[in-house]
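Asker:
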Amino acid sequence: MACFVSRLRRLTFFISASFLRHDSRHYCKNTDTSQKSLSSTLRSIDKENNPETLHLLLRHSQITTTPGLIRAAHPVLVSAFRRLVASGHGTSVSDFLNALKRSSPHIIRESFAFGIITLYGKAGMGNKASETFLDLPFLGCPRTAMSFRALLCALVDSDAVGSAFDLLEKVSVEHPKIIPGEVCYNVVIHGLLRKGDLEKVASVMGLMKERGLSPNVVTRNTLMNGYYRNRRFDLAEMVWREMGDAKKTMKTYNARLRGLVEEGRTAEAIMLFEEMDRNGDTDGYSFTAVIMAHCRDGKLEEAKKLFEEMRKKRCRPNWLTFEALVPKLVEAGEIDMGLMLCEECFARKLRLTGEVLQSVVNFLVENSRVEDANKLVQLGCSSGFYDHEIFVPNSDP
1 MACFVSRLRR
11 LTFFISASFL
21 RHDSRHYCKN
31 TDTSQKSLSS
41 TLRSIDKENN
51 PETLHLLLRH
61 SQITTTPGLI
71 RAAHPVLVSA
81 FRRLVASGHG
91 TSVSDFLNAL
101 KRSSPHIIRE
111 SFAFGIITLY
121 GKAGMGNKAS
131 ETFLDLPFLG
141 CPRTAMSFRA
151 LLCALVDSDA
161 VGSAFDLLEK
171 VSVEHPKIIP
181 GEVCYNVVIH
191 GLLRKGDLEK
201 VASVMGLMKE
211 RGLSPNVVTR
221 NTLMNGYYRN
231 RRFDLAEMVW
241 REMGDAKKTM
251 KTYNARLRGL
261 VEEGRTAEAI
271 MLFEEMDRNG
281 DTDGYSFTAV
291 IMAHCRDGKL
301 EEAKKLFEEM
311 RKKRCRPNWL
321 TFEALVPKLV
331 EAGEIDMGLM
341 LCEECFARKL
351 RLTGEVLQSV
361 VNFLVENSRV
371 EDANKLVQLG
381 CSSGFYDHEI
391 FVPNSDP
């Protein structure tokens with residue numbers, strides 16, 4: 001709850017700032033009322049899981065008429081879109097974004113168009129993102145490296161990283177006025193690594209060199225994460241050595257930490273984590289990596305201790321933290337704690353995989369806790385993430 005209030009305050013600040021930039025004299029009298037109305041709408045959108053109601057809330061929101069709000073509301077919209085798409089209501093997302101594109105006077109601002117294009121990507125609609133990018137000049141909106149980056153992000157998010165690679169490769173021919181920076185290359189590298197296409201990653205690195213660009217710390221962190229994930233520990237270690245201590249950030253250390261865990265080098269991972277902790281360089285991702293290692297190695301008590309320490313240091317668990325802990329807790333008979341973490345997960349709009357959630361439900365039924373199993377399925381379905389993916393099996397002998 002505290003997290004949502006904090007986010008809501010930030011949204012209200014962005015909303016207020018966008019009003020003032022647009023025309024302070026015009027909005028001065030109604031700012032307080034408008035802020036309250038918009039904040040209330042965003043709160044309703046963020047909490048609503050019923051697809052039909054969510055569609056109506058989006059349709060009647062003031063997002064189309066408020067400059068700057070598309071950016072401020074982005075996290076809320078992304079979460080809402082994912083729930084709609086997961087429940088089979090992707091057309092509601094498409095309808096909302098199409099209306100936003102057609103009716104908002106702010107489409108002439110590239111920052112506004114950036115938001116729409118990336119939101120299409122979050123909804124898995126790469127083709128719509130491409131159409132919007134191509135339509136920008138006809139909508140009176142400039143088309144620069146900013147909207148080009150948005151399109152690359154949208155294509156990667158839509159599982160069309162091959163199209164993103166082709167676009168980046170041919171940009172100097174198809175869009176000669178657009179000169180992409182390092183961020184554009186990093187987006188495509190990230191997508192290719194996620195797909196495991198290391199050959200094309202090398203090609204993108206070659207393109208960067210040809211066009212006079214050098215990999216920055218984000219590029220190298222992305223490479224390390226991707227190489228570890230693809231079990232190319234040799235390449236990841238090479239990047240680690242090339243970086244040197246001066247260029248390493250917390251994300252660099254987290255990448256190596258996750259890599260050591262992936263490779264099963266738990267002792268080294270713990271040593272690195274302790275070094276990071278002494279230097280004050282740990283966050284939720286650092287804790288999660290070691291918790292996952294302990295859970296995998298059957299050391300649940302160690303994982304629980306680390307989870308408590310994580311709480312004390314106010315490092316936020318992510319879905320992987322819950323994914324690692326919940327099944328192990330339930331298997332160990334600590335069902336109440338497992339259920340509590342499931343409820344926290346749903347309250348924070350985090351999605352456990354259907355496989356993990358179903359295994360917990362099955363375990364509850366096998367241990368004569370059918371009421372708890374029904375409650376968990378109800379919570380899962382009402383979250384908007386699962387629809388009919390999870391169910392309570394027949395408990396009859």
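All residue numbers for the sequence shown refer to UniProt numbering, where the first residue is 1 and numbers rise by one.
Just so you know, even glycine gets a beta-carbon here, dropped at the ideal spot from N, CA and C.
Just so it is clear, the structure is predicted and the values come from calculations on it, not from any experiment.
Within its chain, find whatever has a CB closer than 8 Å to the CB of Val377; leave out the 5 residues flanking it on each side and keep chain order.
Answerer: Working through the sequence shown from its first residue, we reach residue 377 at position 377. Same-chain partners within the cutoff: Val361, Ile390, Phe391 and Val392.
Asker: Does Lys328 pass the burial test, meaning 16 or more other C-beta atoms within 10 Å, or should it be called exposed?
Answerer: Here residue 328 is taken as the residue at index 328 of the sequence shown, counted from 1. Looking at its Cβ environment, which holds 16 or more other Cβ atoms inside 10 Å, Lys328 is buried.
Asker: For the segment 223 to 243 and the segment 268 to 281, state whether three or more C-beta atom pairs, one from each stretch, are separated by less than 8 Å.
Answerer: no
Asker: Tell me which residue opens and which closes the alpha helix (DSSP H) that Ile116 is part of.
Answerer: For the purposes of this step, residue 116 is taken as the residue at position 116 of the sequence shown. Ile116 -> alpha helix (DSSP H) spans Glu110 to Lys122.
Asker: Residues in its own chain within less than 7 Å of Glu344 by CB, not counting five upstream and five downstream?
Answerer: Taking the sequence shown and counting its residues from 1, one reaches residue 344 at position 344. Cβ within range, chain order: n/a, list empty.
Asker: Just tell me which of Ser214, Lys313 and Thr266 has its CA closest to the CA of Lys299.
Answerer: For the purposes of this step, residue 299 is taken as the residue at position 299 of the sequence shown. Checking every option, the nearest Cα to that of Lys299 belongs to Thr266.
Asker: Are Met250 and Phe287 close, meaning C-beta to C-beta below 9 Å?
Answerer: Mapped onto the sequence shown, residue 250 falls at position 250. Mapped onto the sequence shown, residue 287 falls at position 287. No.
Asker: Using only the alpha-carbon positions, how far apart do Leu84 and Val78 sit?
Answerer: Position 84 of the sequence shown, counted from the start, is the residue given in the question as residue 84. Position 78 of the sequence shown, counted from the start, is the residue given in the question as residue 78. If I take the Cα positions, the gap works out to 10 Å.
Asker: Output yes or no for whether 9 Å exceeds the beta carbon distance between Val183 and Phe165.
Answerer: Position 183 of the sequence shown, counting from 1, holds the residue named residue 183. Position 165 of the sequence shown, counting from 1, holds the residue named residue 165. Contact: no.
Asker: Is any beta-carbon of chain C found at less than 9 Å from that of Val290?
Answerer: Checking the listed chains, one finds no chain C in this structure; it contains a single protein chain.
Asker: From Val290 to Asp277, what distance separates their C-alpha atoms?
Answerer: For the purposes of this step, residue 290 is identified with residue 290 of the sequence shown, where counting begins at 1. For the purposes of this step, residue 277 is identified with residue 277 of the sequence shown, where counting begins at 1. Straight-line Cα distance between these residues: approximately 12 Å.
Asker: Would the beta-carbon of Ala160 fall within 9 Å of that of Gly126?
Answerer: Within the sequence shown, numbered from 1, the residue matching residue 160 stands at position 160. Within the sequence shown, numbered from 1, the residue matching residue 126 stands at position 126. Yes, these two residues count as a Cβ contact at 9 Å.
Asker: Could you tell me if Gly333 is buried or exposed, where buried requires 16 or more neighbouring beta carbons within 10 angstroms of its beta carbon?
Answerer: Working through the sequence shown from its first residue, we reach residue 333 at position 333. The residue is exposed, with fewer than 16 neighbouring Cβ atoms inside 10 Å.
Asker: Of the choices Thr118, Lys248, Arg102 and Glu199, whose alpha-carbon is the least far from that of Asn221?
Answerer: In the sequence shown, counting from the first residue as 1, residue 221 sits at position 221. Of the listed residues, the one whose Cα sits closest to Asn221 is Lys248.
Asker: Sorted by chain position, which residues of the same chain lie with C-beta nearer than 6 Å to Ala303's C-beta, five sequence neighbours on each side aside?
Answerer: Within the sequence shown, numbered from 1, the residue matching residue 303 stands at position 303. So the list reads Ile291, His294 and Cys295, once near-sequence residues are dropped.
Asker: With distances taken between CB atoms, is the gap from Leu207 to Asn230 smaller than 9 Å?
Answerer: Position 207 of the sequence shown, counted from the first residue, corresponds to residue 207. Position 230 of the sequence shown, counted from the first residue, corresponds to residue 230. Between Leu207 and Asn230, the CB-CB gap reaches or exceeds 9 Å.
Asker: What do you get for Ala2, buried or exposed, if any count of 16 or more other CB atoms within 10 angstroms of its CB means buried?
Answerer: Within the sequence shown, residue 2 is the residue found at index 2, counting from 1. Its pLDDT being 42, under 50, Ala2 is placed unreliably by the model, and the measurement read from it follows with that caveat. So Ala2 counts as exposed.
Asker: Consult DSSP for Leu341 and reduce its assignment to one of helix, strand or coil.
Answerer: Your numbering for residue 341 matches position 341 in the sequence shown. Looking at Leu341 - three-state DSSP - the assignment turns out to be helix.
Asker: Spatial neighbours of His55 within its chain, please: C-beta separation below 6 Å, excluding the five flanking residues on both sides.
Answerer: Walking along the sequence shown from the start, residue 55 turns up at place 55. Here the set comprises Ser92.
Asker: Alpha carbon to alpha carbon, what distance is there between Ser130 and residue 402?
Answerer: Nothing can be reported for residue 402: it is not among the residues displayed for the chain, which extend from 1 to 397.
Asker: Can you tell me whether Thr50 is helix, strand or coil according to DSSP?
Answerer: Here the question's residue 50 lines up with position 50 in the sequence shown. Looking at the sequence provided, one finds Asn at residue 50 rather than Thr. DSSP places Asn50 in coil when its eight states are reduced to three.
Asker: Between Gly121, Tyr185, Gly191 and Leu223, which lies nearest to Gly212 when the distance is taken from Cα to Cα?
Answerer: Counting from 1 along the sequence shown, the entry for residue 212 is found at position 212. The shortest C-alpha separation from Gly212 is found at Tyr185.
Asker: Just to confirm the assignment, what range does the alpha helix (DSSP H) spanning Glu268 have?
Answerer: Walking along the sequence shown from the start, residue 268 turns up at place 268. Element bounds for Glu268: Thr266 to Arg278.
Asker: Report yes if the CB atom of Leu42 is closer than 9 Å to the CB atom of Ala86, and no otherwise.
Answerer: Locating residue 42 in the sequence shown gives position 42, counting from the first residue. Locating residue 86 in the sequence shown gives position 86, counting from the first residue. In this structure, Ala86 does not lie closer than 9 Å to Leu42 by Cβ.
Asker: Rounded to the nearest angstrom, what separates Leu339 and Ala373 at their Cα positions?
Answerer: Position 339 of the sequence shown, counted from the first residue, corresponds to residue 339. Position 373 of the sequence shown, counted from the first residue, corresponds to residue 373. Distance between the alpha carbons of Leu339 and Ala373 is about 9 Å.
Asker: Please report the straight-line C-alpha distance between Glu262 and Leu306, rounded to a whole angstrom.
Answerer: Taking the first residue of the sequence shown as 1, we reach residue 262 at position 262. Taking the first residue of the sequence shown as 1, we reach residue 306 at position 306. The straight-line gap from Cα to Cα measures roughly 18 Å.
Asker: With the cut-off set at 9 Å, would you say Thr316 and Gly284 are in Cβ contact?
Answerer: For the purposes of this step, residue 316 is identified with residue 316 of the sequence shown, where counting begins at 1. For the purposes of this step, residue 284 is identified with residue 284 of the sequence shown, where counting begins at 1. For the sequence presented, residue 316 should be read as Arg rather than Thr. Contact: yes.
Asker: Among residues of its own chain, excluding the 5 on either side of Leu314, which ones have a beta-carbon nearer than 8 Å to its beta-carbon?
Answerer: Position 314 of the sequence shown, counted from the first residue, corresponds to residue 314. Checking the sequence, you will find Arg at residue 314 rather than Leu. Result list for Arg314: empty, nothing under 8 Å.
Asker: How far does the alpha helix (DSSP H) with Glu263 in it extend, from its first residue to its last?
Answerer: Counted from its first residue, the sequence shown places residue 263 at position 263. That residue, Glu263, is in no alpha helix (DSSP H); it is neither H nor E in DSSP.
Asker: Give me the residue from His190, Val356 and Asp336 with the minimum Cα distance to Glu371.
Answerer: Locating residue 371 in the sequence shown gives position 371, counting from the first residue. Selected option, being the one with the closest Cα: Asp336.
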